[in-house]
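Read through the structure below, which is laid out as structure tokens, and then see the notes.
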């Protein structure tokens with residue numbers, strides 16, 4: 001959310017600020033251009049005598065620039081968050097006349113765990129404990145349960161503190177960098193004129209891609225016709241069965257998008273078992289016509305070429321791993337939680 005502080009930061013230099021720069025340059029005994037170059041353009045790299053800065057990165061590698069912005073904003077929030085926590089403990093410590101390090105421990109007195117609780121933890125972690133008897137593991141389990149009590153107590157105390165002293169981060173949001181990505185006639189769900197277009201680069205054998213499918217489905221269910229979802233192939237070279245699975249899926253597309261998406265879901269459901277013989281079985285199980293499928297699979301060169309074109313296009317826009325998404329051109333990397341996608345989509349719908 002934009003704040004007054006942020007608006008002030010975003011304003012161009014005032015006459016007063018410019019005057020201060022000139023004065024500093026004069027007092028430093030150096031030329032104004034040299035002073036500005038030395039103090040205002042430090043984030044740059046010189047290559048063969050030519051200087052490049054972050055604006056050049058943004059032009060040539062928008063995804064790299066976007067990652068930098070996101071990671072930088074996260075670093076600022078984490079740094080300010082640690083500082084805010086220390087200040088809160090100082091404030092409360094002064095109020096209660098205790099050391100800041102004792103704030104979260106105030107009023108805490110551990111309760112001896114019950115035998116039922118000890119047994120439950122032992123049963124749930126028996127293999128991790130190396131199969132040792134309960135008597136030998138008892139002290140460790142009791143210590144673990146008391147530590148859990150302390151953590152829960154600390155969370156409750158901290159919750160009370162921030163309720164009394166709210167913490168707000170006045171951090172400028174990272175700029176949304178948009179990368180033009182073509183759909184090139186790939187399989188789609190949703191209307192072509194939807195306000196949101198999400199292009200997914202994914203791999204049927206990738207466990208993270210499989211995990212992301214639940215989030216993807218939730219997004220499509222929530223936003224329905226507001227989203228157009230496009231799938232582009234990106235089988236990774238170290239996934240030995242992935243290419244054949246993608247060829248098979250694209251072969252099923254010749255029987256229509258309905259068949260394709262059934263095959264798509266079935267392949268992801270069986271992501272850990274995509275040997276060629278099982279893929280053929282899964283395609284048939286998903287409802288593809290076996291005869292048409294076998295005829296299509298006799299000539300895989302064209303299908304492979306289309307998949308390799310997807311990979312090349314993905315690499316051109318900065319995709320290096322899967323899953324990778326472009327929400328109206330905004331790059332999102334990895335199997336992130338539903339909320340991460342939902343936040344971007346909400347903002348896009350308001351634009």
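In the UniProt record's numbering, the protein residues as written are 1 to 351.
We put the beta carbon where it would ideally sit given N, CA and C, even for glycine.
If I follow the unbroken beta strand (DSSP E) through residue i, where does it start and stop?
i	result
residue 333	330-333
residue 44	44-47
residue 144	No beta strand (DSSP E) contains residue 144, which is instead part of the alpha helix (DSSP H) from 134-164.
residue 53	50-53
Excluding five sequence neighbours on each side, which residues of the same chain lie with their C-beta closer than 7 Å to the C-beta of residue i?
i	result
residue 52	44, 45
residue 271	204, 205, 207, 210
residue 251	293, 296, 297, 303
residue 169	77, 80
residue 287	259, 262
residue 283	248, 252, 263, 293
residue 394	Shown here, the chain extends from 1 to 351; a query on residue 394 therefore has no answer.
residue 285	266
residue 351	none
residue 92	103, 161
For residue i, report the span of its alpha helix (DSSP H) as first-last.
i	result
residue 176	Looking at the DSSP string, residue 176 is not in any alpha helix (DSSP H), and its letter there is neither H nor E.
residue 96	62-96
residue 123	115-124
Roughly how many angstroms separate the alpha carbons of residue i and residue j, rounded to a whole number?
i	j	result
residue 235	residue 100	52 Å
residue 172	residue 225	32 Å
residue 126	residue 158	33 Å
residue 301	residue 281	21 Å
residue 70	residue 198	20 Å
residue 145	residue 343	36 Å
residue 340	residue 333	11 Å
residue 49	residue 185	44 Å
residue 47	residue 58	17 Å
residue 188	residue 68	31 Å
residue 152	residue 194	45 Å
residue 221	residue 191	14 Å
residue 27	residue 54	Low confidence applies to residue 27: its pLDDT is 47, below 50, so where it sits in the model is not reliable, and the reading given next is rough at best. Their backbone Cα atoms lie some 30 Å apart in a straight line.
residue 98	residue 156	18 Å
residue 223	residue 348	12 Å
residue 315	residue 147	47 Å
residue 317	residue 305	19 Å
residue 299	residue 325	30 Å
residue 131	residue 86	42 Å
residue 164	residue 61	44 Å
residue 96	residue 103	9 Å
residue 289	residue 328	35 Å
residue 238	residue 269	20 Å
residue 143	residue 307	54 Å
residue 123	residue 84	40 Å
residue 291	residue 274	21 Å
residue 116	residue 133	16 Å
residue 227	residue 323	18 Å
residue 90	residue 75	23 Å
residue 309	residue 229	19 Å
residue 321	residue 94	50 Å
Ordered along the chain, which non-local residues of its own chain (more than five positions away) have a Cβ less than 6 Å from that of residue i?
i	result
residue 311	234
residue 416	Residue coverage of the chain in this structure runs from 1 to 351, which leaves residue 416 outside it and unanswerable.
residue 118	141
residue 254	296
residue 14	At residue 14 the pLDDT is 42, less than 50, meaning the model places this residue with poor confidence; the figure from the coordinates comes in the next sentence. Once the five neighbours on either side are set aside, residue 14 has no close Cβ partner at all.
residue 276	244
Using 8 Å for Cβ pairs, my map puts residue i next to residue j. What's the rounded Cβ distance?
i	j	result
residue 141	residue 167	About 35 Å; that fails the 8 Å criterion.
residue 88	residue 196	At roughly 39 Å, the Cβ-Cβ gap does not stay under 8 Å, so residue 88 and residue 196 are not in contact.
residue 231	residue 319	With 8 Å as the limit, residue 231 and residue 319 do not qualify as a contact, their Cβ atoms being about 13 Å apart.
residue 335	residue 154	Contact doesn't hold; Cβ gap of about 30 Å is too wide.
residue 345	residue 179	The pair is not a contact, with the Cβ atoms about 17 Å apart (cut-off 8 Å).
residue 137	residue 129	5 Å
Within the same chain, show all residues whose beta-carbon is closer than 8 Å to that of residue i, passing over the 5 residues directly before and after it, in chain order.
i	result
residue 338	215, 218, 219
residue 279	241, 244, 245, 248, 267
residue 150	105, 108, 110
residue 182	313
residue 73	171, 172, 173, 174
residue 114	none
Any heavy atom of the ligand HEM closer than 6 Å to the CB of residue i?
i	result
residue 112	In terms of ligand content, the structure shown is empty, and the ligand HEM therefore cannot be addressed.
_Quick check on the DSSP output: what are the complete alpha helix (DSSP H) runs of length 4 or more inside the stretch 253-341, in order along the chain?_
Considered as a whole, the stretch 253-341 harbours 257-269, 276-285, 290-297, 301-316 as its complete alpha helix (DSSP H) runs of no fewer than 4 residues, in chain order.
_List, from N- to C-terminal side, the beta strand (DSSP E) runs of 3 residues or more that fit wholly inside the stretch 171-228._
196-202, all fully within the stretch 171-228.
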